[in-house]
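Asker:
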């Protein structure tokens, strides 16, 4: 069950940067901030549950990996983000 908690924590980890980006869209400030805050709280809660049975180093590495990869993919698919650095 701890690994399921960890995957769920990683998925919620994607929600908060996506929410912050959404909040920069005109008329979506409140919605974006609400998504970000809920994502942060849920991500932290599920990570806490996972760490009861999974070592902190392993849990943190998996959690941040899911969050980073998911945010990268979500940024490209939802916001048309580019995979290259600006000015390149």
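Numbering (our numbering), first residue to last: 270 to 357.
Virtual Cβ for every residue (Gly too), placed ideally from N, Cα, C.
As the structure is a prediction and not an experimental result, all values here were calculated from the model.
1) Excluding the five sequence neighbours on either side, which residues of its own chain have a C-beta within less than 7 Å of the C-beta of residue 281, listed in chain order?
2) Taking all protein chains shown into account, do 16 or more other C-beta atoms lie within 10 angstroms of the C-beta of residue 295, making it buried, or fewer, making it exposed?
3) Where does the unbroken alpha helix (DSSP H) through residue 304 begin, and where does it stop?
4) Since residue 331 contacts residue 273 with CB under 8 Å, what's their CB separation in whole angstroms?
5) Among the residues of its own chain, which have a CB less than 7 Å from the CB of residue 283, if the five just before and after it don't count?
Answerer: In brief:
1) 308, 311, 312 and 315
2) exposed
3) 298-319
4) Contact flag wrong, Cβ pair sits at about 12 Å.
5) 336, 339, 340 and 343
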